[in-house]
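Taken in sequence, the protein lines are chains A and B. Each residue of the first sequence is one higher than the one before, starting from 54 at the first, in my numbering. Each residue of the second sequence is one higher than the one before, starting from 3 at the first, in my numbering. Reviewing the structure listed below.
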Amino acid sequence: MIDFDYLATLDFSVPWKYRWQLLSGLWVSFCLMLVSSAAGLAIGIVFAMVSRTRHAVIRWMIAGYVEFFRNTPLLVQLIWLHFVLPLLTGINTTPLVSGTLALTLNVTAYFSEIARAGINSVGRGQWEGAQALGLQAFPTWVRVILPQALRVMVPPLAGMVINIFKATAILSILAIDDLMRVATRISNSAFKPVEMITAAAVLYLILGSLLALGADRVERKYGPRRQSA
Amino acid sequence: MTQPKIKFDRVTKRYGPLTVLNQICLDIDPGELVTIIGPSGSGKTTVLRVLMTLESIDDGVIYIDGEPFNKMRAGGALAPASNAHIRRLRARIGMVFQNFNLFPHMSALDNCIEAPIHSLGLARGEAVNRADELLDMVGLAGLRSRYPSQLSGGQQQRVAIARALAMQPEILLFDEPTSALDPEMVGEVLQVIRDLASAHSYTMLLVTHQMGFAREVSDRVCFFDAGQFVEQGPPQELLGSPKNERARQFLSKVLEAR
Numbered sequence: 054m055i056d057f058d059y060l061a062t063l064d065f066s067v068p069w070k071y072r073w074q075l076l077s078g079l080w081v082s083f084c085l086m087l088v089s090s091a092a093g094l095a096i097g098i099v100f101a102m103v104s105r106t107r108h109a110v111i112r113w114m115i116a117g118y119v120e121f122f123r124n125t126p127l128l129v130q131l132i133w134l135h136f137v138l139p140l141l142t143g144i145n146t147t148p149l150v151s152g153t154l155a156l157t158l159n160v161t162a163y164f165s166e167i168a169r170a171g172i173n174s175v176g177r178g179q180w181e182g183a184q185a186l187g188l189q190a191f192p193t194w195v196r197v198i199l200p201q202a203l204r205v206m207v208p209p210l211a212g213m214v215i216n217i218f219k220a221t222a223i224l225s226i227l228a229i230d231d232l233m234r235v236a237t238r239i240s241n242s243a244f245k246p247v248e249m250i251t252a253a254a255v256l257y258l259i260l261g262s263l264l265a266l267g268a269d270r271v272e273r274k275y276g277p278r279r280q281s282a
Numbered sequence: 003m004t005q006p007k008i009k010f011d012r013v014t015k016r017y018g019p020l021t022v023l024n025q026i027c028l029d030i031d032p033g034e035l036v037t038i039i040g041p042s043g044s045g046k047t048t049v050l051r052v053l054m055t056l057e058s059i060d061d062g063v064i065y066i067d068g069e070p071f072n073k074m075r076a077g078g079a080l081a082p083a084s085n086a087h088i089r090r091l092r093a094r095i096g097m098v099f100q101n102f103n104l105f106p107h108m109s110a111l112d113n114c115i116e117a118p119i120h121s122l123g124l125a126r127g128e129a130v131n132r133a134d135e136l137l138d139m140v141g142l143a144g145l146r147s148r149y150p151s152q153l154s155g156g157q158q159q160r161v162a163i164a165r166a167l168a169m170q171p172e173i174l175l176f177d178e179p180t181s182a183l184d185p186e187m188v189g190e191v192l193q194v195i196r197d198l199a200s201a202h203s204y205t206m207l208l209v210t211h212q213m214g215f216a217r218e219v220s221d222r223v224c225f226f227d228a229g230q231f232v233e234q235g236p237p238q239e240l241l242g243s244p245k246n247e248r249a250r251q252f253l254s255k256v257l258e259a260r
């Protein structure tokens, strides 16, 4: 049952009026995703590489980090970092810094697991082949192991990036002017919550779909090759 | 008496309670081609793997050109070898694996220039020239830009041989180089090894189940069983009339199966 009388009262001229603010919010969301994905991927790969060390203490530290950030809600991490950490350390951070940091720390845990699986998928023979050729650790990683691991990592990475984009909406609680925050702020002042949230949803959908499309292309081009010949 | 190129001096390797190499001793002369035969799981591949430093050893000393390899001389005694020491001597050894272990994301040519550039520090042009010569030598001149997945097993193994040779080793280890190949491709790989043996001065250590080939190319055949070299001698002698009972049983089984 749809209440058509109510539907008729909706006024989408309001979100249209604020379209530039909404778009700038979308841009902030996109940048948050971009920064935390790039940083998280880089650190995650390093964590996955380092956790192959013989030193058990380092392995346990990384495992502890990953478990902590994967098994607690992002919302809790966010609030903790922004409100509790300054009380403990006296270091105050702006909402944008706290938000970006929390999101990055969170996604690093996931990326490092993806990277670990990718690295593990490279067979022992590749390491031995490199060693028999006298390749040292750095060229072995950069030239032999990581290029093969990255191929395997592409599908889960692509899915992860879209998840991060959606997760940026949580950062709105810290008053970062991302799309979600802009939409709620305007809806409060203009008293048009349904129209504003609907508009935000449509914008998330459009950019999210574009990301999925892009991810699909990347996967086709760089993903694991289907067995040929 | 010449100095042995490779010398195993009471080398022992254990995996937990299992002793894979039990105080093995073996001297290999420069330019000699020694074949190791023996039952599956007897540890003959481990002999090559410890020499390539893919496995550590628990006891004993391996010498390359008279220099301790897994140890180094410090004063009068032997100390654990440094990484630099191991790297320096390891550069004299090249290895060809049963499963090729080619880098699948690199073309045949790139496989052959990767280590010369990043490990020997060769200029790219020089590495390419040398790799082309070697690919030509193993009969793959036209296939340099193919990826491993676009090559047959025999071709892949020949690329792997060229790749090992590109590092200019003095010692070549072949770990069952034809075991993963379809029967019709065994011949082309054996031919390459045969050419290497006759036209070059490499010291070669070969683990194989190809008894006919072992008889034809080897200077010496060693029968390995239960962690030790049980019997060794010229190929005609060892493969024709082994003195050891276990060697006799093994050979009669292998020859029967053919």
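Every residue, glycine too, gets a C-beta built ideally from N, C-alpha and C.
Quick one: which chain B residues come within Cβ less than 7 Å of residue i?
i         : result
Ile-200/A : The question names Ile, but residue 200/A is Pro in the sequence shown. Ordered by position in chain B, the residues that pass the 7 Å Cβ test against Pro-200/A are His-107.
Ala-295/A : Absent from the structure is residue 295/A, since the part of chain A shown begins at 54 and ends at 282.
Arg-196/A : Glu-116, His-120
Gly-178/A : Phe-99, Asn-101, Asn-103
Which residue from the options puts its Cα closest to that of residue i?
i         : options                                    : result
Val-119/A : Thr-157/A, Thr-142/A, Pro-139/A, Thr-146/A : Thr-157/A
Phe-71/B  : Pro-82/B, Gly-156/B, Gly-78/B              : Pro-82/B
Asp-31/B  : Thr-4/B, Cys-114/B, Ile-39/B               : Thr-4/B
Ala-201/B : Met-187/B, Val-219/B, Glu-186/B, Lys-9/B   : Val-219/B
Ala-220/A : Arg-177/A, Phe-83/A, Ala-252/A, Val-137/A  : Phe-83/A
Leu-104/B : Pro-237/B, Thr-47/B, Arg-160/B, Thr-21/B   : Arg-160/B
Gly-18/B  : Ile-8/B, Asp-60/B, Gly-235/B               : Asp-60/B
Ser-165/A : Trp-73/A, Met-213/A, Val-247/A, Leu-140/A  : Met-213/A
Leu-56/B  : Ala-91/A, Lys-70/A, Asn-216/A, Leu-186/A   : Leu-186/A
Pro-150/B : Ala-117/B, Gln-158/B, Thr-205/B            : Gln-158/B
Ser-77/A  : Leu-256/A, Val-195/A, Asn-216/A            : Leu-256/A
Ile-172/A : Phe-136/A, Leu-85/A, Pro-200/A, Gly-267/A  : Pro-200/A
Met-233/A : Met-249/A, His-108/A, Arg-107/A, Asn-159/A : Met-249/A
Leu-63/A  : Ile-229/A, Ser-240/A, Leu-131/A            : Ser-240/A
Lys-7/B   : Ser-203/B, Arg-16/B, Gln-212/B, Val-232/B  : Ser-203/B
Val-195/A : Met-102/A, Leu-94/A, Trp-133/A, Gly-93/A   : Met-102/A
Leu-60/A  : Gly-143/A, Ile-259/A, Ala-92/A, Thr-251/A  : Thr-251/A
Leaving out the 5 sequence neighbours to the left and right, which residues in its chain are closer than 8 Å to residue i when beta-carbon positions are compared?
i         : result
Asn-24/B  : Thr-14, Ala-228, Gly-229, Gln-230
Thr-193/A : Trp-180, Ala-183, Gln-184
Arg-250/B : Pro-244
Ala-222/A : Ser-82, Asp-231, Leu-232, Met-233, Tyr-257
Met-54/A  : none
Ile-98/A  : Phe-164, Ser-165, Ala-168, Leu-199
Phe-64/B  : Here the sequence assigns Ile to residue 64/B, which means Phe is not the residue at that position. Cβ neighbours of Ile-64/B beyond the five flanking positions: Ile-8, Lys-9, Phe-10, Asp-11, Val-13, Val-52, Leu-53, Pro-70, Phe-71, Asn-72.
Report the neighbours of residue i on chain A: residues whose CB is nearer than 9 Å to its CB, in chain order.
i         : result
Met-54/B  : Glu-181, Gln-184, Ala-185
Gly-45/B  : Residues of chain A passing the Cβ test: none, with the nearest at roughly 17 Å.
Gly-156/B : Simply none; closest approach about 14 Å.
Gly-144/B : The premise fails here: Gly-144/B is roughly 17 Å from chain A at the closest Cβ pair, so nothing lies under 9 Å.
Gly-229/B : In chain order: nothing, as chain A lies at least about 22 Å away.
Gly-123/B : Those within 9 Å of Gly-123/B in chain A number zero; the least Cβ separation is about 11 Å.
List the residues of chain A whose Cβ lies closer than 8 Å to the Cβ of residue i, in chain order.
i         : result
Met-169/B : Leu-186, Gly-187
Gly-78/B  : Ordered by position in chain A, no residue passes the 8 Å Cβ test against Gly-78/B, which lies about 30 Å from the chain.
Between the alpha carbons of residue i and residue j, how many angstroms are there, rounded?
i         : j         : result
Ile-173/B : Ile-115/A : 41 Å
Arg-248/B : Ser-254/B : 10 Å
Ser-243/B : Gln-184/A : 39 Å
Thr-180/B : Thr-37/B  : 14 Å
Leu-264/A : Ala-162/A : 22 Å
Asn-124/A : Val-160/A : 12 Å
Ser-66/A  : Ala-243/A : 11 Å
Pro-148/A : Ala-125/B : 51 Å
Ile-111/A : Arg-105/A : 9 Å
Met-139/B : Leu-198/B : 10 Å
Leu-111/B : His-108/A : 37 Å
Ala-170/A : Gly-127/B : 36 Å
Arg-217/B : Leu-50/B  : 20 Å
Just to make sure I have the definition right: I need the residues of chain A whose C-beta is within less than 7 Å of the C-beta of residue i. Which are they?
i        : result
Arg-89/B : Gly-187
Arg-92/B : Gly-187
Gly-1/B  : This structure leaves residue 1/B out entirely; chain B is present only between 3 and 260.
Short of 7 Å in beta carbon distance, which residues of its chain neighbour residue i, apart from the five on each side in sequence? Order them along the chain.
i         : result
Gly-156/B : Leu-183, Met-187, Glu-190, Val-191
Pro-208/A : Glu-272, Gly-276
Gln-27/B  : At residue 27/B the sequence reads Cys, which differs from the Gln that was named. Phe-10, Asp-11, Arg-12.
Residues in its own chain within less than 6 Å of residue i by CB, not counting five upstream and five downstream?
i         : result
Val-247/A : none
Leu-91/B  : Ile-66, Phe-71
Ala-268/A : Ala-211
Could you tell me whether any non-hydrogen atom of the ligand GDP is closer than 7 Å to the CB of residue i?
i        : result
Gly-96/B : Questions concerning the ligand GDP fall outside what the structure shown contains, since it holds no ligand whatsoever.
Complete runs of the beta strand (DSSP E) confined to the segment 42 to 77 of chain B [at least 3 residues]: 61 to 66, 73 to 76
Length-filtered (4 minimum) alpha helix (DSSP H) runs lying within the segment 133 to 166 of chain A: 138 to 142
Entirely enclosed beta strand (DSSP E) segments - the segment 79 to 147 of chain B, minimum 3 residues: Runs found: 79 to 82, 95 to 98.
Residue ranges of each alpha helix (DSSP H) within the segment 166 to 251 of chain A, 4 or longer: 177 to 185, 199 to 220, 232 to 243
Ranges of the alpha helix (DSSP H) found wholly within the segment 68 to 123 of chain A, counting only runs of at least 4: 72 to 103
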